[in-house]
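Residue numbers (the working numbering): 1323 to 1734. Where is the CB? At the ideal position from N, CA and C, for every residue including glycine. A short worksheet on the structure shown next.
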């Protein structure tokens, strides 16, 4: 299993799989073929269907050059190994293809080449299931974050410190910015409003108001193309930082506490990524928001003093109760329902942590089994519910927009 450095990636939104991944792939191809006269890039299935809304073409053209690069949208065509397939072609002055590169963007900004199980970076963790990790920690007396440190080395803390700094900056920027997000929907930023209203609310409502404000802030920054951290993806980037920021404020958590919580959250996200998927195009939004909720619930339970069994239980529930969640972004934008889902999942993660602390951590379905079920459920979902904007809310919005939002058919 790879380093959590491959899970937490710092970059520009709005999508880790459709923006960051294609940009990284274009940089690889340019480095290998810098002398090409021109380039052609084919975008398949989910990449072709929602790439415009996710700024896929913009990300690629920024690297290869708009004046010499052709984007070919192929939403109805599939490559065999993943819905986010890309084929890069280098052409000579006569328009002949001189080199070709097929690659898949598999979620969280990660790339995978045909026939490979993952990226080419060396594995860091020898244990790859939460059951084996938990047993190792129980037998050796380790916490999850100590296990991460043993596998990653002490240098992981410098990396996580940078991660937390970027997360914190994205919250601050998102709270400060107002106005309409870019794109066809005309969606207004709401984080600033939620923050102001939460400060006027009673104590009972403040938790929901503050956590919502922080999650919206990061998600809106992502939707606006700002700098964020994949946790584990761009589309779910608001959940972990919102929960950590709230607990930092309410429980006087130190920076060391926060970094250790990030390590634990990353460990659980890594297991999901290694044994399942964090790609909305592959398994739906359960792999993005569900995984992030799981990570945040684990981090929160640790910060609140939970045992390793209680932490695993909270993480299991965070994923379990998002099973079957579809990815159907309106107009191919990472806005509706993505932004609100971040806020809902952040508040749920806190509730799960609190619920878990009332238990002894004993439960019937272990985390690893839920990961397996999530993966199978995602593969069973029709493609129209896996980040193609051809089903669900995306179609409902398109139908309403096309008829002018009339009430003749009983809808509004």
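message: With the cut-off set at 9 Å, would you say residue 1564 and residue 1586 are in Cβ contact?
response: No; because the gap between Cβ atoms is not below 9 Å, this pair is not in contact.
message: Quick check: the Cα distance between residue 1296 and residue 1459, rounded to an integer number of angstroms?
response: Since the first residue shown for the chain is 1323 and the last is 1734, residue 1296 is missing from the structure and cannot be characterised.
- prompt: Apart from the five residues just before and just after residue 1471, which ones in its own chain have a Cβ nearer than 8 Å to its Cβ?
  reply: Result list for residue 1471: 1478, 1479, 1585, in chain order.
query: Which of helix, strand or coil does DSSP assign to residue 1342?
result: Residue 1342 falls in the helix class under three-state DSSP.
- prompt: What span of residues does the alpha helix (DSSP H) with residue 1481 cover, start to end?
  reply: Per DSSP, residue 1481 belongs to the alpha helix (DSSP H) from 1478-1498.
- prompt: Do residue 1679 and residue 1632 come within 9 Å of each other at the CB atom, strictly closer than that value?
  reply: Their beta carbons are under 9 Å apart, which means residue 1632 touches residue 1679 by this criterion.
query: Just the Cα atoms here: how many angstroms apart are residue 1337 and residue 1427?
result: When rounded, the distance between both Cα atoms is 11 Å.
message: Within the continuous beta strand (DSSP E) that includes residue 1420, where are the two ends?
response: Its beta strand (DSSP E) spans residues 1419-1429.
query: In chain order, what residues of the same chain lie with their CB nearer than 6 Å to the CB of residue 1401, ignoring the 5 residues before and after it?
result: Closer than 6 Å at Cβ, skipping near neighbours: 1366, 1407.
message: Just to confirm before moving on: does the CB-CB distance between residue 1411 and residue 1362 stay below 9 Å?
response: Residue 1362 is positioned such that its CB atom lies closer than 9 Å to that of residue 1411.
message: With three or more C-beta pairs closer than 8 Å as the rule, is the segment 1591-1600 touching the segment 1645-1659?
response: Contact fails: fewer than three Cβ-Cβ distances are below 8 Å.
- prompt: Tell me, which residues are paired with residue 1362 by DSSP?
  reply: Residue 1362 has 1392, 1411 as its beta-bridge partners, per DSSP.
Residue 1425 and residue 1331 closer than 9 Å at C-beta: The answer is no: Cβ separation not under 9 Å.
- prompt: Quick one: Cα of residue 1327 to Cα of residue 1343, how far?
  reply: In a straight line, the C-alpha of residue 1327 is about 15 Å away from that of residue 1343.
- prompt: Using DSSP with H/G/I as helix, E/B as strand and the rest coil, what is residue 1444?
  reply: In the three-state scheme derived from DSSP, where H, G and I count as helix and E and B as strand, residue 1444 is classed as coil.
message: In whole angstroms, give me the CA-to-CA distance for residue 1502 and residue 1511.
response: Residue 1511 has its alpha-carbon roughly 6 Å from the corresponding atom of residue 1502.
- prompt: From the DSSP output, which residues share a beta bridge with residue 1331?
  reply: Its beta-bridge partners do not exist; DSSP assigns none.
field: Separation of residue 1714 from residue 1733, as counted between CA atoms
entry: Residue placement at residue 1733 is flagged as unreliable, the pLDDT there being 47, under the threshold of 50; the coordinate-derived value follows with that caveat. When rounded, the distance between both Cα atoms is 15 Å.
- prompt: Just the Cα atoms here: how many angstroms apart are residue 1474 and residue 1414?
  reply: Near 44 Å, if we compare the C-alpha coordinates of residue 1414 and residue 1474.
- request: Specify, as a first and last residue, the run of the beta strand (DSSP E) that residue 1550 falls within.
  value: The continuous beta strand (DSSP E) containing residue 1550 extends over residues 1549-1551.
task: Please say whether residue 1551 and residue 1611 have beta carbons closer to each other than 9 Å?
output: No, Cβ-Cβ distance for residue 1611 and residue 1551 is not below 9 Å.
query: Taking the Cβ atom as the reference point for each residue, do residue 1636 and residue 1675 lie within a distance shorter than 9 Å?
result: Taking 9 Å as the Cβ cut-off, residue 1636 and residue 1675 qualify as a contacting pair.
- request: Could you tell me which uninterrupted alpha helix (DSSP H) segments, each at least 4 residues in length, are contained entirely in the segment 1500-1546, listed from first to last along the chain?
  value: Taking only runs of at least 4 residues, the alpha helix (DSSP H) segments lying wholly in the segment 1500-1546 are 1513-1522, 1525-1545.
Among 1601, 1622, 1685, nearest to residue 1340 - alpha-carbon criterion: Ranking 1601, 1622, 1685 by Cα distance to residue 1340 puts 1601 first.
Alpha-carbon spacing of residue 1640 relative to residue 1421, whole angstroms: In a straight line, the C-alpha of residue 1640 is about 44 Å away from that of residue 1421.
query: Buried or exposed: which applies to residue 1531, given that a residue is buried once 16 or more other Cβ atoms fall within 10 Å of its Cβ?
result: When all chains shown are included, residue 1531 counts as buried.
task: For my contact list, residue 1597 and residue 1450 are in at a C-beta cut-off of 8 Å; report their separation, rounded to the angstrom.
output: Between residue 1450 and residue 1597 the Cβ distance is about 7 Å, and since that is below 8 Å, they are a contact.
- prompt: Tell me which same chain residues have a C-beta within less than 8 Å of the C-beta of residue 1729, skipping the five on either side of it?
  reply: A caution first: residue 1729 carries a pLDDT of 44, below 50, which makes its placement in the model unreliable, though a value can still be read off. Within the same chain, residue 1729 has no close Cβ partners at all.
- prompt: residue 1505: which of 1384, 1533, 1652 sits nearest, CA to CA?
  reply: Per the C-alpha coordinates, the member of 1384, 1533, 1652 positioned closest to residue 1505 is 1652.
- request: Put residue 1354 into one of helix, strand or coil per three-state DSSP.
  value: Reduced to three states, the DSSP call for residue 1354 is helix.
message: Determine whether the beta carbon atoms of residue 1618 and residue 1658 lie at a separation below 9 Å.
response: No, they are not a contact pair.
- request: Please go through the same chain and pick out, in chain order, the residues whose beta-carbon is closer than 7 Å to the beta-carbon of residue 1667, but skip the five residues on each side of it.
  value: The residues are 1561, 1611, 1614, 1615.
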